[in-house]
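The structure appears below as structure tokens.
There are 2 protein chains.
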Amino acid sequence: MQPQESVTESLAFLLGKLGQMATGRFADRLAPLGLRPRHCAVLELLATAPLGQLALAQTIGVTPSVVVDMLDELEAVGALRRVRDSTDRRRQVVEITDGGRALALSAARLAKQVDIELLRELDSTQATAVREGLARVAAAQGLPVTGSAPTRNAAPTDPGPAT
Amino acid sequence: MQPQESVTESLAFLLGKLGQMATGRFADRLAPLGLRPRHCAVLELLATAPLGQLALAQTIGVTPSVVVDMLDELEAVGALRRVRDSTDRRRQVVEITDGGRALALSAARLAKQVDIELLRELDSTQATAVREGLARVAAAQGLPVTGSAPTRNAAPTDPGPAT
DNA sequence: TATTGTTATACTCTATAACTATA
DNA sequence: TATAGTTATAGAGTATAACAATA
């Protein structure tokens, strides 16, 4: 089932290479929009409902300070706004703007284009198998449904009793 | 064929997340050996034949200065040695040691273990489909056969008239 | 005292550019 | 002048820790 004897033929290693390549490609496409790949998870999450920053961080599986940066950048592009919560003045609720929704849509189109290029050599059966297989792997490994992956430890499934 | 409407469901994005996760897992396993994932490509390449540093850089698709660092680290672990070329004293031929071969073997075993964990939820048909599909994608995109992926542009085959 | 968001800082990975020693 | 390797530096990505305002 795993016929390779070498690291470079392993799935672990191959995924790393492909991930780097795919992210790079997508980032290039996204650049003209003023976005980077990780921003997309935020936009798509907020498209569903406004969210506080910590909840956001937890959901996409990154640390809060990273969220601050991403929100700064997205706010600079007019894709969202932070609204102080009048009930709890520590909180800021993050809301997507119409511009943000438009960006998310454009980004989704670009991602689809990249996908087509990546899958160029596969027939639709193979492509589907890869897609579904990887989705299953991601689910089994507990990757956040949406959002960028936690780099290392971080058990996002069990954030503990906090909040 | 690409039924998703969102970035976060795209293959491009998914590969990025999975790549990060897989690389992190593998790095954790490798750490006790004093290795990191990228070192493995070097070791496996050298296992075939000694090589000069520039050739090495080109083959695995990274910039020469990165090779210097990696070789320093691998030499510190006793995995290889740099031998000055007596014909052309600018060159250093890099040779793997027995220790290096042993490390490469251990690393391959660890990679295999990680693969098994990653593919835990897939039956062997699906696992094979994913493996073969991804290998095909990698080939189609021109990833270096062995070694870590070039981050972005970098046409290592044609460095151009610059310098 | 705990929590929300922020800033400051550090570490990894990778790249470019300037430098050395040879050729 | 060109090439092999090296060093110095920079940028993107992420994380931890200390801090301010508020609860």
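As you go down the protein sequences, you meet chains F and A in turn.
Mind the numbering: the first sequence is residues 1 to 163 in the UniProt record's numbering, read in order.
Mind the numbering: the second sequence is residues 1 to 163 in the UniProt record's numbering, read in order.
Positions of the beta carbon are idealized from the N, C-alpha and C atoms, including for glycine.
Original post:
Between the region 33 to 43 of chain F and the region 13 to 20 of chain F, are three or more C-beta pairs nearer than 8 angstroms?
Top reply: no
Original post:
Just checking my contact of A138/A with E121/F at CB under 8 angstroms: how many whole Å lie between their CB atoms?
Top reply: A138/A to E121/F, Cβ: 10 angstroms. No contact.
**OP:** Please report the Cβ distance between I96/F and L80/F, rounded to the nearest whole angstrom; I am assuming they are in contact, meaning their Cβ atoms lie under 8 angstroms.
**Re:** Beta-carbon to beta-carbon, I96/F and L80/F are separated by about 5 angstroms, close enough to satisfy the 8 angstroms threshold.
**OP:** Please confirm if E121/F has its CB atom under 8 angstroms from at least one CB of chain A.
**Re:** yes
Original post:
Looking at the C-beta of V83/A, does it have a partner C-beta in chain F at a distance below 8 angstroms?
Top reply: Taking a beta-carbon distance threshold of 8 angstroms, V83/A does not count as an interface residue toward chain F.
Original post:
Based on the DSSP output, what are the partners of L80/F in its beta bridges?
Top reply: Bridge partners of L80/F: I96/F.
Original post:
Excluding the five sequence neighbours on either side, which residues of its own chain have a C-beta within less than 8 angstroms of the C-beta of V114/F, listed in chain order?
Top reply: A22, R25, F26, R29
**OP:** Look up L14/A in the DSSP assignment and say whether it is helix, strand or coil.
**Re:** Three-state DSSP puts L14/A in a helix.
Subject >> Beta bridge counterpart(s) of L51/F as assigned by DSSP >> reply: As DSSP reads the structure, L51/F sits in a beta bridge with V94/F.
Subject >> Residue-chain proximity (residue 173/A, chain F), Cβ-Cβ < 8 angstroms >> reply: Not covered by the structure: residue 173/A. The range shown for chain A is 1 to 163.
Original post:
Ordered along the chain, which non-local residues of its own chain (more than five positions away) have a Cβ less than 8 angstroms from that of V83/A?
Top reply: Apart from the 5 residues on each side of it in sequence, V83/A sits with its Cβ closer than 8 angstroms to the Cβ of P50, Q92, V93, V94, E95 in its chain, given in chain order.
Original post:
Taking 8 angstroms as the CB-CB cut-off, is Q58/F touching chain A?
Top reply: False, the Cβ-Cβ gap to chain A never drops below 8 angstroms.
Subject >> Cβ pair A104/A, L43/A closer than 8 angstroms >> reply: The Cβ atoms of A104/A and L43/A lie closer than 8 angstroms to each other.
Original post:
For S6/A, does the three-state DSSP call read helix, strand or coil?
Top reply: coil
Original post:
Which stretch, first to last residue, makes up the alpha helix (DSSP H) that contains E132/A?
Top reply: 124 to 140
**OP:** Using a Cβ-Cβ cut-off of 8 angstroms, state whether A12/A counts as contacting chain F.
**Re:** yes
**OP:** Closer than 8 angstroms by beta-carbon distance: list the chain F residues that pair up with G133/A, in chain order.
**Re:** L122, Q126, A127, A129, V130, G133
Subject >> Candidates L45/F, L46/F, T48/F, P64/F: closest to L54/F by CA position >> reply: Ranked by Cα distance from L54/F, the first of L45/F, L46/F, T48/F, P64/F is P64/F.
**OP:** Would you please verify whether the beta carbon of V137/F is less than 8 angstroms from any beta carbon of chain A?
**Re:** yes
Original post:
How about P44/A: is its C-beta nearer than 8 angstroms to some C-beta of chain F?
Top reply: Contrary to the premise, residue 44/A reads as Glu rather than Pro in this sequence. Interface residue, yes.
Original post:
Measuring CB to CB, does L33/A end up less than 8 angstroms from A107/A?
Top reply: Yes, the Cβ-Cβ distance between L33/A and A107/A is below 8 angstroms.
Original post:
What three-state label does DSSP hand L46/A in the structure shown?
Top reply: helix
**OP:** Starting from D88/F, find everything on chain A with Cβ-Cβ shorter than 8 angstroms and list it in chain order.
**Re:** Under the 8 angstroms cutoff, chain A gives no residues; its nearest Cβ is about 29 angstroms from D88/F.
Original post:
For a contact meaning CB atoms closer than 8 angstroms, what does G19/F contact in chain A?
Top reply: L15, G16, K17, L18, G19, Q20, A22, T23
**OP:** Please list, in chain order, all residues of the same chain as V67/A whose beta carbon is under 6 angstroms from its beta carbon, the five residues on each side excluded.
**Re:** Q53, L56, A57
Original post:
Do you know how far the Cα of V7/F is from the Cα of S6/A?
Top reply: Distance between the alpha carbons of S6/A and V7/F is about 33 angstroms.
**OP:** State yes or no: is the beta carbon of V7/A nearer than 8 angstroms to at least one beta carbon in chain F?
**Re:** yes
Original post:
Which value, in whole angstroms, describes the spacing of the CA atoms of T128/F and V130/A?
Top reply: 10 angstroms
Original post:
Going by the CB atoms, is the gap between R101/F and A31/F shorter than 8 angstroms?
Top reply: no
Original post:
Is the beta carbon of L119/F sitting closer than 8 angstroms to the one on L11/A?
Top reply: yes
**OP:** Assuming L45/A contacts T59/A (C-beta within less than 8 angstroms), just tell me the rounded distance between them.
**Re:** 6 angstroms
**OP:** Report the rounded CA-to-CA distance for T125/A versus I116/A, giving the unit in angstroms.
**Re:** 14 angstroms
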